[in-house]
Amino acid sequence: MSAGFGFSVGDVLKAIELVSTVIDALRSSGRAGAEYRELVSQLLSLETALFQVKNFEFEESQYAEVVALRQASIQCRRTIDAFWNKAKKYQPHLGVSGDARATGVKDGWMRIKWKICKKDDVSRFKADLIGHTQSMLLLLATIQRSTSKVHEQRQDIRQRTIAARFQEGRINIKVFQIVLQIQEIINRVPAQIERQQPVYLIDTLGKESPFHLEFALISVLKLNFKKFGSAPRKIDRGEFAMQDSITKRNIDINRDWEVCFHPEQHINMSLVFSTDEYGGKIFGCPRCYKIAEAEAKAHTGYVILDLFIKWFV
Numbered sequence: 001m002s003a004g005f006g007f008s009v010g011d012v013l014k015a016i017e018l019v020s021t022v023i024d025a026l027r028s029s030g031r032a033g034a035e036y037r038e039l040v041s042q043l044l045s046l047e048t049a050l051f052q053v054k055n056f057e058f059e060e061s062q063y064a065e066v067v068a069l070r071q072a073s074i075q076c077r078r079t080i081d082a083f084w085n086k087a088k089k090y091q092p093h094l095g096v097s098g099d100a101r102a103t104g105v106k107d108g109w110m111r112i113k114w115k116i117c118k119k120d121d122v123s124r125f126k127a128d129l130i131g132h133t134q135s136m137l138l139l140l141a142t143i144q145r146s147t148s149k150v151h152e153q154r155q156d157i158r159q160r161t162i163a164a165r166f167q168e169g170r171i172n173i174k175v176f177q178i179v180l181q182i183q184e185i186i187n188r189v190p191a192q193i194e195r196q197q198p199v200y201l202i203d204t205l206g207k208e209s210p211f212h213l214e215f216a217l218i219s220v221l222k223l224n225f226k227k228f229g230s231a232p233r234k235i236d237r238g239e240f241a242m243q244d245s246i247t248k249r250n251i252d253i254n255r256d257w258e259v260c261f262h263p264e265q266h267i268n269m270s271l272v273f274s275t276d277e278y279g280g281k282i283f284g285c286p287r288c289y290k291i292a293e294a295e296a297k298a299h300t301g302y303v304i305l306d307l308f309i310k311w312f313v
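Numbering (UniProt numbering), first residue to last: 1 to 313.
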């Protein structure tokens with residue numbers, strides 16, 4: 001039971017002590033009739049309910065129910081206290097501190113029975129006890145249902161949390177496996193094209209040309225295109241362009257090789273052909289001599305014929 005709710009355990013303990021005192025007083029009279037035995041039974045039921053209230057552990061979200069239980073225990077205590085105040089006027093020895101089982105106590109209790117606690121008083125007291133008992137039991141049942149729901153919600157949240165962490169763990173394992181695979185690939189690929197290692201050039205004609213970085217790329221291209229008209233001269237004049245097929249980054253071959261080329265890189269190479277100012281036609285491909293007039297419309301005065309170059313280390 002949480003004391004932070006304003007629920008006083010002392011209220012319940014005092015009510016239990018008072019109920020026990022009255023029960024002992026009633027039981028001390030051997031001449032008590034059936035009506036008083038019923039009263040003792042009802043007091044025992046109330047005592048059981050009070051013990052349940054005392055031992056119950058409340059949740060933080062049950063503030064309203066706890067306040068209602070406290071009020072019920074206070075009302076119960078007041079009712080029993082009023083009855084007990086009438087009884088102890090006639091028998092001061094009744095109670096847990098006095099000798100409640102002496103012979104004089106029995107005689108005194110009989111006087112209370114017939115003079116003060118008349119039949120109507122006992123019936124009214126018993127009805128009040130029934131009301132207090134049922135009220136507490138109803139509140140306890142309501143709180144128990146609420147507690148069960150809270151526990152179910154916590155269990156559901158706990159299960160979801162476990163499932164989420166399990167899924168997160170599986171994802172972390174997959175990510176870790178992917179990282180290992182990437183690391184393995186990176187370890188297999190050289191950081192840069194190494195010198196003294198041949199580069200294999202596959203030009204637009206499908207010809208493979210292994211060469212070392214010490215040789216100029218332009219010379220290799222001119223050698224491959226020397227049988228195809230003006231292509232070597234265009235390469236000399238720089239009328240071609242290179243672009244990384246993946247990143248679409250234009251490659252400036254005048255820069256350092258380490259910046260321009262990488263292992264397993266795919267490069268698109270384009271030759272630029274100008275249109276005939278007189279006939280409106282263009283020069284064709286140096287291999288098949290096909291005229292790409294449709295391409296000429298997309299470029300003012302120029303046609304780009306895409307070639308393909310793949311580098312291998």
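All C-beta atoms in this analysis are idealised placements derived from N, C-alpha and C, irrespective of residue type, glycine included.
- When Cβ pairs closer than 8 Å are counted between the two stretches, the region 220 to 232 is seen not to touch the region 244 to 261, the count staying below three.
- No Cβ-Cβ contact shorter than 8 Å links E65 with S135.
- Proximity of the region 157 to 172 to the region 63 to 81 falls short of the contact definition, fewer than three beta-carbon pairs being nearer than 8 Å.
- Residue burial annotation: D128 is buried, with at least 16 other C-beta atoms found within 10 angstroms of its C-beta.
- In the DSSP assignment, N172 forms no beta bridge with any residue.
- In this structure, DSSP gives N55 a helical state, which the three-state scheme calls helix.
- Looking at the DSSP output, N250 bridges to Q243.
- Secondary structure at G238: coil, using DSSP grouped into helix, strand and coil.
- In the three-state reduction of the DSSP assignment, R255 falls in the coil class, being assigned neither a helical nor a strand state.
- Around A241, the same chain offers S270 as residues with beta carbons nearer than 6 Å, after the five sequence neighbours per side are excluded.
- Rounded to the nearest whole angstrom, the CA to CA distance from F228 to D236 is 14 Å.
- By the Cβ-count criterion, E152 is exposed, with fewer than 16 other Cβ atoms from all chains shown falling within 10 Å of its own Cβ.
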